[in-house]
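Numbering-wise (numbering that gives the first Met the number 0), the sequence shown opens with residue 0 and increments by one.
For each residue, glycine too, the CB sits at the ideal point set by N, CA and C.
Please read all numbers here as calculations on a predicted model, not as lab measurements.
Taking it in order: structure first as structure tokens, then the write-up.
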Amino acid sequence: MIVSFFRRFYTHFLRYFSFPLIGSLFFVILTQSSIAAGLFLGTAASTLMIFNWYYNLENAQDEEGGKVRLGIMTRFIIVFVTLFVWLRFPETFNIFAIAIGLLLGYVLIVFHAVRELTK
């Protein structure tokens with residue numbers, strides 16, 4: 000069950016996140032760019048947020064009439080921790096790149112929804 004959940008998460012989201020994560024990580028290692036570091040940090044946080052969202056979505060589909068949890072507080076905490084990292088190291092991470100990385104998850108949700116609707 001856990002393996003199948005991770006397989007579905009990888010198929011729907013993680014394989015798309017892997018390109019900006021790995022690309023920005025290599026770019027940070029090679030150039031020490033604050034933009035690439037911010038993109039990596041934002042994309043990593045976005046990956047955690049989408050994992051949380053997808054986990055709650057799967058649980059809501061498995062339950063039959065219980066309370067549906069969206070994990071909004073957990074996602075807020077992830078964003079706050081990401082912003083605290085930026086506040087601690089503003090010269091290392093670019094805030095605009097962090098914002099783009101954080102928004103990437105929501106772009107992937109829309110992409111996934113459109114892809115599912117056009118099947």
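Assigned secondary structure, residue i (DSSP; H/G/I helix, E/B strand, else coil)
i: G70; result: coil
i: S17; result: helix
i: T30; result: helix
Assigned exposure category for residue i - 16 Cβ within 10 Å defines buried
i: R87; result: exposed
i: S3; result: exposed
Cβ-Cβ separation, residue j to residue i (assumed contact under 8 Å), whole Å
i: G37; j: I94; result: 7 Å
i: G41; j: I77; result: Not a contact, Cβ separation roughly 11 Å.
i: A44; j: T91; result: About 15 Å separates the two Cβ atoms, so there is no contact after all.
i: F8; j: F75; result: No, F8 and F75 are not in contact; Cβ-Cβ is about 21 Å, not under 8 Å.
Extent of the continuous alpha helix (DSSP H) run through residue i
i: S3; result: 1-8
Report task. Taking only runs that begin and end inside the region 37-106, name each unbroken alpha helix (DSSP H) of 4 or more residues, in chain order. Result -> If we require 4 residues or more, the alpha helix (DSSP H) runs fully inside the region 37-106 come out as 71-87.
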